[in-house]
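Enquirer:
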Amino acid sequence: MEAKRGIALLAAAFIVSPLALGLGIILLIAASDDDDGGGGGDFELSAGTLRVGPGYVPAKYAALIEKAAAACDQGLPAGILAAQIQAESNFNPKAQSKDPKTGRPIADGIAQFIPGTWASSGIDGNGDGKKDVWDPEDAIPSQGKMMCELLKTAKKHPEYNGSPIELALAGYNAGWGRVQEYKGVPPVSFAAGQTYNYVKFIMAAQAKLTAPDTAGEPEMSGEWTKPVNASLGTPYHQSGGMWSSGYHTGIDFAAGIGTPIRAAGPGKVVSASRVAAYGRQVIIRHADGIYTQYAHMSELKVSTGDTVKGGQTIGLSGADGNVSGPHLHFEVRTGPDYGTDISPLPYLRKKGVNI
1 MEAKRGIALL AAAFIVSPLA LGLGIILLIA ASDDDDGGGG GDFELSAGTL RVGPGYVPAK
61 YAALIEKAAA ACDQGLPAGI LAAQIQAESN FNPKAQSKDP KTGRPIADGI AQFIPGTWAS
121 SGIDGNGDGK KDVWDPEDAI PSQGKMMCEL LKTAKKHPEY NGSPIELALA GYNAGWGRVQ
181 EYKGVPPVSF AAGQTYNYVK FIMAAQAKLT APDTAGEPEM SGEWTKPVNA SLGTPYHQSG
241 GMWSSGYHTG IDFAAGIGTP IRAAGPGKVV SASRVAAYGR QVIIRHADGI YTQYAHMSEL
301 KVSTGDTVKG GQTIGLSGAD GNVSGPHLHF EVRTGPDYGT DISPLPYLRK KGVNI
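Take 1 as the starting number for the sequence shown in full-length UniProt numbering and just add one per residue.
(1) Aspartate 138 lies in the alpha helix (DSSP H); which residues open and close that run?
(2) Apart from the five residues on each side of it in sequence, which residues of its chain come closer than 6 Å, Cβ to Cβ, to glycine 184?
(3) DSSP three-state call for glutamate 159: helix, strand or coil?
(4) So, helix, strand or coil for tyrosine 236, using DSSP?
(5) Which residue marks the beginning of the alpha helix (DSSP H) containing tyrosine 347, and which one marks its end?
(6) Nearest by alpha-carbon distance to glutamate 88: which of Cys72, Lys101 and Phe113 is it?
(7) Based on DSSP bridge pairs, tell me the residues matched to threonine 307.
(8) Which residues in the same chain have their Cβ closer than 7 Å to the Cβ of arginine 51, if we skip the five residues on either side of it in sequence?
(9) Between phenylalanine 253 and valine 282, is the Cβ-Cβ spacing less than 8 Å?
(10) Would proline 344 be called buried (16 or more neighbouring beta carbons within 10 Å of its own) or exposed?
(11) Can you give me the start and stop residues for the alpha helix (DSSP H) that serine 97 sits inside?
(12) For serine 189, which of helix, strand or coil comes out of DSSP?
(13) Indicate whether serine 121 and methionine 146 have their beta-carbon atoms separated by less than 8 Å.
(14) Under three-state DSSP, which class holds valine 316?
(15) Determine the contact status of residue 356 and valine 269, defining contact as a CB-CB distance below 8 Å.
(16) Nearest-angstrom Cα distance between isoleucine 290 and isoleucine 342?
(17) Could you work out which residue in Gln84, Tyr338 and Glu331 is closest to lysine 200 when comparing CA atoms only?
(18) With distances taken Cα to Cα, identify the nearest neighbour of alanine 287 among Ala264, Ala107 and Pro158.
(19) With alanine 78 and alanine 111 assumed to form a contact (beta carbons below 8 Å), what rounded beta-carbon distance in angstroms separates them?
(20) Taking DSSP as the reference, what is the three-state secondary structure of serine 120?
(21) Taking C-alpha atoms, which residue in Lys301, Asn173, Asp135 and His248 lies nearest to threonine 259?
(22) Need the endpoints of the alpha helix (DSSP H) that residue 366 sits in, please.
(23) Taking buried to mean at least 16 other C-beta atoms within 10 Å of its own C-beta, is arginine 333 buried or exposed?
(24) With 16 as the cutoff for other CB atoms within 10 Å, does aspartate 108 come out buried or exposed?
(25) Taking 7 Å as the limit between beta carbons, can you name the residues of its chain near lysine 98, skipping five residues before and five after?
(26) Mind checking glycine 55: buried by the 16 CB within 10 Å criterion, or exposed?
(27) Excluding five sequence neighbours on each side, which residues of the same chain lie with their C-beta closer than 6 Å to the C-beta of alanine 154?
(28) Going by CA-CA distance only, name the one from Lys350, Pro115, Leu328 and Gln86 that's closest to histidine 298.
(29) Here's the rule: buried if 16 or more other CB atoms are within 10 angstroms of the residue's CB, otherwise exposed. What is proline 235?
(30) In the DSSP assignment, what residue or residues form a beta bridge with proline 326?
(31) Enumerate in chain order the residues of its own chain whose CB-to-CB distance from leucine 81 is below 8 Å, with the five nearest sequence positions on each side excluded.
(32) The ligand GDP heavy atoms versus the CB of leucine 76: any closer than 7 Å?
(33) Note down the Cα distance separating aspartate 33 from lysine 131, rounded to an integer number of angstroms.
(34) Do you know offhand how far glycine 24's Cα is from lysine 101's?
(35) In its own chain, which residues sit with a C-beta less than 8 Å from the C-beta of phenylalanine 91, not counting the 5 before and 5 after it?
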């Protein structure tokens, strides 16, 4: 896959920054504050519909984005495509990235395709007989198709550093060859952190562009279930200097603010409080002596000492504590305290949770 080098990343301000590759891009300056107490920067993929309106997804593009996501059989969330477009062009179909030194155009349109990639990956999305990089009805389906192909490839490499969605985003931004080279999302040292920050920004922004799934999945009486209706982001034990332990101690779900958080299984609430880096958190002790932790919530629905059923709503997703965007940080522990973490997914799967 040809490297994508002309990226317009959305932030409070834009700056022109030289890439290590020798090209100029418009680079996002985005906060990357991650959990300091083991909370990490993992993100889950929001599963609701897109938020439409000023500050969110323009109404005229929402259906195109959702259709492009639905066309992918790999589980590509519409929120990811929307956040990606926001990062690339801020939903401007006339956007064009240029080399700041020469003024030479680098990438064009709402999805910021470079000419070579458009020639090989662009499609005639609206069936008018031509594929036009400046036409969102062509560019957005092309973006979705390319991301779907990258996601399919990423799933073949569970050994790489990053979730499949993160790997696909990195491949879209820097080219799959760079993902192979680094066996994961390229680090901050690559291209002045451009690809690293691109992935982090989109994983956080997608939750903001996705409406909370207030209905969610039905609450279950005493059974085990997924803690939130969202998909997985950065995996357990991903290494990185942003975590005090040197690695991520849980998994994150980038659920939008207000999304119901559920007890993964029946148990007793041993802590419902606000704790520095974790923000509002709930810790539940289960009958087998294992504990589950739910952090960064905007609101708690239970109190210390409460007995809860599996699937019972215990709070609402938020961005409380040391985070770079709304998400649920979820841990499984052998004790109630930080540092006793074990891998969450194998534990949940043994309980019959399909995740």
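Yeah, the Cβ is synthetic: ideal placement off N, Cα and C, and Gly gets one too. Just so we're clear, the structure is a prediction, and the values are computed from it rather than from any experiment.
Expert: Inspection of the coordinates gives the following:
(1) 136-154
(2) Tyr160, Asn161 and Gly162
(3) coil
(4) coil
(5) 344-350
(6) Phe113
(7) Lys268
(8) Val57, Leu209, Thr210 and Ala211
(9) no
(10) buried
(11) Here serine 97 belongs to no alpha helix (DSSP H); instead the beta strand (DSSP E) covers 96-98.
(12) coil
(13) yes
(14) Looking at the sequence shown, residue 316 is not valine but leucine. Looking at leucine 316 - three-state DSSP - the assignment turns out to be strand.
(15) Outside the shown range of the chain, which is 1 to 355, sits residue 356, and nothing can be said about it.
(16) 10 Å
(17) Gln84
(18) Ala264
(19) Actually they do not touch by this definition, with Cβ atoms about 14 Å apart.
(20) helix
(21) Lys301
(22) The requested residue 366 does not occur in the structure, where the chain is confined to residues 1 to 355.
(23) buried
(24) buried
(25) Arg104, Pro105 and Ile106
(26) exposed
(27) Pro164, Leu167 and Ala168
(28) Sequence check: residue 298 is serine here, not histidine. With distances taken between Cα atoms, serine 298 lies closest to Leu328.
(29) buried
(30) Paired residues: none, contrary to the question.
(31) Ile65, Ala68, Ala69, Ile140, Gln143, Gly144 and Met147
(32) In the structure shown, the ligand GDP is absent, as is every other ligand, since no ligand is present at all.
(33) In this prediction, aspartate 33 scores a pLDDT of 32, lower than 50, which makes its location untrustworthy; the coordinate-derived value is nonetheless stated afterwards. Approximately 40 Å, taken between the alpha carbons.
(34) In this predicted model, glycine 24 has a pLDDT of only 30, less than 50, meaning its place in the structure is not dependable; the value taken from the coordinates is given anyway. Using only the alpha carbons, I get a separation of about 7 Å.
(35) Val57, Pro58, Tyr61, Ile85 and Ile110
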